[in-house]
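Here's the structure we're looking at; comments come further down.
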Amino acid sequence: MRELTFREALNEALDEELARDPNVFLMGEEVGAYDGAYKVSRGLLKKYGPKRVIDSPISELGFVGLGVGAAMMGLRPVIEVMTWNFALLALDQIANTAAKMRYMSGGALSCPITIRGPNGAAHSLAAQHSQWFEPQYAYYPGLKVIVPGTPADAKGLLKSAIRDPDPCIFMESELLYPTKGLVPEGEYLVPIGKADIKREGKDCTVVAWGRALGIALEGAEMLAKEGIDCEVVDLRTIRPLDEETLVQSVRKTGACVILEEGWPYFNAGAQISDIVQRACFDILDSPVIRVTGADVPMPYSKALEKLARASAESVVAGVKVALNVRS
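Counting from 1, one number per residue, gives the positions in the sequence shown under the working numbering.
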């Protein structure tokens with residue numbers, strides 16, 4: 001094991017897959033000469049050349065569509081969108097073509113494309129650049145939606161996504177890029193659709209993914225000082241969802257809090273809550289509690305942004321509601 005940043009882990013995954021398979025190529029805005037808007041592709045143009053690491057025009061609909069066509073013809077494109085906010089311009093190519101190709105061709109065609117880039121809010125990026133899109137893409141049959149929360153998972157899951165025969169939506173939090181974590185040496189894969197228990201506990205299950213994982217773990221440590229032992233389940237993949245690990249944890253603790261950074265209405269947490277309450281109705285000691293960001297467009301002001309975001313303190317409050325504990 002060695003310590004890498006989130007962006008270094010992603011860079012290593014791309015490097016290894018470009019070296020392993022000549023059908024893999026990387027394309028997107030500024031991925032080449034500029035080394036990537038977030039430096040995830042640093043050094044790859046120099047190593048693999050402009051036919052494998054391709055700078056695209058500012059045209060998400062165009063270069064995502066080109067990637068979809070290339071995947072249908074047998075290549076394995078990795079398409080970087082500078083932010084998932086911009087990928088709205090390519091939604092038709094993703095939802096109507098990539099997601100449906102295997103079904104509409106009767107299995108004759110596959111679309112092994114990985115579309116990746118930063119998702120969610122950072123600092124003072126304001127309303128149009130601070131949105132969480134994993135529920136939108138998880139809605140479409142045919143897409144796999146991956147949201148890693150640690151450098152080790154980011155590397156292993158990106159490698160799995162690139163090798164997967166179907167379209168994968170790979171979402172990275174911009175705020176996680178500089179964060180560090182232990183990453184295994186050598187070749188390894190993290191399976192798509194398998195959750196991971198990042199902290200074992202007995203009193204309450206806290207479910208999270210992406211950057212929310214770190215918030216959940218921070219909240220769990222705060223609660224531990226008060227004698228409340230939380231189990232933190234990192235879903236890692238929103239679609240397919242590891243219902244087995246999720247349900248086993250809730251049946252163990254008897255209480256569930258779902259933490260997500262996005263807005264409360266029609267979000268992924270609502271689906272997860274439905275799964276938990278149907279599978280664990282006879283075990284739950286209280287309703288499933290959802291902790292989310294505020295139901296407002298993200299403010300630009302740092303002070304207002306802090307108020308609009310989910311926090312470790314809001315996790316603590318949610319767990320106490322689930323356990324009916326008075327502060």
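Note that the Cβ used here is the ideal one computed from N, Cα and C, for glycine as well. Keep in mind the model is a prediction, meaning the values are calculated, not measured.
Taking just the CA atoms, how far does residue j sit from residue i?
i	j	result
Tyr48	Leu175	28 Å
Gln277	Met222	26 Å
Met1	Gly181	10 Å
Lys252	Tyr188	30 Å
Tyr140	Phe25	25 Å
Arg116	Leu284	37 Å
Leu44	Ala121	27 Å
Leu323	Leu91	41 Å
Gln343	Ala70	Only positions 1 to 327 of the chain appear in the structure, and residue 343 is not among them; the question remains open.
Val207	Phe133	18 Å
Val6	Arg290	The sequence shown places Phe at residue 6, rather than the Val named in the question. Going from the Cα of Phe6 to the Cα of Arg290 covers about 27 Å.
Ile228	Leu307	25 Å
Asp352	Pro240	What is shown of the chain runs 1 to 327, which leaves residue 352 out entirely.
Arg52	Asp164	19 Å
Ile113	Val64	9 Å
Val325	Leu217	19 Å
Ile272	Ser124	30 Å
Leu335	Met82	There is no way to answer for residue 335, as the model of the chain reaches only from 1 to 327.
Asp282	Asp274	14 Å
Met298	Ala108	43 Å
Glu231	Tyr265	25 Å
Asn119	Pro191	21 Å
Gly186	Ser41	19 Å
Leu259	Pro22	40 Å
Ala98	Leu61	13 Å
Buried or exposed, going by whether 16 or more other CB atoms sit within 10 Å of the CB of residue i?
i	result
Ile58	exposed
Tyr300	exposed
Pro148	buried
Gln128	exposed
Lys198	buried
Glu313	exposed
Val78	buried
Gly269	buried
Met101	buried
Glu201	Per the sequence presented here, residue 201 reads as Gly, with Glu not at that position. By the 10 Å Cβ count, Gly201 comes out buried.
Pro287	exposed
Ser56	buried
Gly106	exposed
Leu235	buried
Gly32	buried
Val296	exposed
Ala126	exposed
Ala13	buried
Indicate whether residue i and residue j have their beta-carbon atoms separated by less than 8 Å.
i	j	result
Val319	Val247	no
Ala9	Ala154	yes
Lys225	Glu16	no
Val321	Ile215	no
Asn267	Thr237	no
Ser249	Gly210	no
Lys144	Cys111	no
Asn85	Gln131	yes
Thr205	Val183	no
Ala310	Glu261	yes
Leu4	Pro151	yes
Glu30	Ala19	no
Gly142	Tyr103	yes
Glu80	Gly28	yes
Ala255	Asp203	yes
Who does residue i pair with in a DSSP beta bridge?
i	result
Pro77	Phe25
Phe86	Answer by DSSP bridge pairing: none, since Phe86 is not bridged.
Asp55	Gly28
Glu172	Pro118
Gly49	In the DSSP output, where bridge partners are listed per residue, Gly49 has none listed.
Thr5	Lys180
Ile258	Val207, Arg290
Cys280	BP columns for Cys280 are empty, so no partner.
Arg239	Val145
Glu231	Thr205
Arg199	Val232
Checklist entry - Mind pulling the beta strand (DSSP E) runs of 3 or more residues that sit fully within the stretch 121-195? => result Within the stretch 121-195, the complete beta strand (DSSP E) runs of at least 3 residues are 144-146, 168-173, 180-183.
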